[in-house]
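For the sequence shown, this note's numbering assigns the number 952 to the initial residue and increments by one for each residue that follows. Idealized CB from N, CA, C, for every residue including glycine. The structure presented is a predicted model; accordingly, all values stated were derived computationally and were not measured. Here is the structure we will look at, set down as structure tokens.
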Amino acid sequence: MSIHLVGGGVDGSQASEIYGRFVAETAARAAGVGRPRPRIAVLSVGDTASGQSFAADLRRAGDADVVLTTVDEGATFETVVLSDVDGLAIAGGATPQYLHAVEPLVDQIRLLVSDALPYLGYSAGAMIAADRALVGGWRIGGVPVCPEGWNEGLDEVTLAEGLGLVDLTIDVHAVQAGTLARLIAAAEAGFVTAGLAIDEDTALIVGEGALEVRGTGSVWRVIAAEDTDGDQFVSVATIGA
């Protein structure tokens, strides 16, 4: 089973390509316990319509019982939302609000994913999956590093403890929103040693074996490094779909 990180920007026409493998993995887990259709928990914060659209796209990607739970910003999820599920999908929105909302679930999510529960994070859901989650901000030391409209309600670039499902910091909407520059700047400033910025309409699948990229964009690998003279630099390369 795998961890699926989606950079946002997916519409219904691309649902099968981006979400199909995730739904198939939930079906395999369900079959292992004798359940004819997988039960997927979808968690959404704030915008009910956005959560409903995300859940509908997952249904388009395969035959599954998709159970949507939405909480208001500032609220948290109850642990019962993870009971008897074959997959977990966390939607997109304000990343700091998502990180707050899942606080009661963190230990349970880690245990379930370590027990091969498929996980899919869309936009904010992808960002919070990291050990050290980049939760927002648009400036470092007062200097702009990405468009202000993608600040997630924060001024300075901010990192926090995430779900701990992947060991690289994740940013999303990479090229489309200019947030690739934010991750590069965070690496240059020493906030992160390595990270991945995922384009819209693109999924990075982390499982056994090689990484897989699906969709129309790229995953950008950003690494803080040091040359033979001891000078610091940031290496950027793409993992193409």
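Query	Result
In three-state terms, what does DSSP make of residue 1056?	helix
My output table needs one value for residue 1089: the three-state DSSP class, helix, strand or coil.	coil
Would you kindly report the start and end of the unbroken beta strand (DSSP E) that includes residue 1126?	Premise fails: residue 1126 lies in the alpha helix (DSSP H), 1125-1128, not in any beta strand (DSSP E).
Within this structure, are the beta carbons of residue 994 and residue 1006 separated by less than 8 Å?	no
Would the region 1035-1048 and the region 1071-1091 be scored as touching if the rule is three or more Cβ pairs under 8 Å?	yes
By Cβ distance, which residues of its chain are closer than 7 Å to residue 1026, with the 5 residues on each side in sequence left out?	1052
Curious, which full-length beta strand (DSSP E) runs of at least 3 residues does the region 1164-1189 contain?	1169-1177
How would you label residue 1013, buried or exposed, when you count the other beta carbons within 10 angstroms and need 16 or more for buried?	buried
So which of 1130, 1159, 1101 and 1161 has the shortest CA-CA distance to residue 1146?	1130
Looking at C-alpha atoms only, which residue of 1036, 1136 and 968 is the closest neighbour of residue 1068?	1036
Straight-line CA distance for residue 1010 to residue 1167?	21 Å
Could you tell me the boundaries of the alpha helix (DSSP H) in which residue 975 lies?	966-983
May I have the straight-line CA-CA distance separating residue 977 from residue 989, to the nearest angstrom?	6 Å
Checking the sheet assignment: what are the DSSP bridge partners for residue 1073?	957
Please work out which residues of its chain come closer than 7 Å, Cβ to Cβ, to residue 1017, disregarding the five sequence neighbours upstream and downstream, and give them in chain order.	991, 993, 1006, 1009 and 1010
State the CB to CB distance for the pair residue 1110 and residue 1133, rounded to an integer number of angstroms; the pair is presumed to be in contact (CB under 8 Å).	Not confirmed; about 11 Å, so no contact.
So for residue 1112, helix, strand or coil by DSSP?	strand
Hey, how far is the Cα of residue 996 from the Cα of residue 1032?	13 Å
Which of the three DSSP states, helix, strand or coil, is assigned to residue 1030?	helix
Using 8 Å for Cβ pairs, my map puts residue 1088 next to residue 1107. What's the rounded Cβ distance?	5 Å
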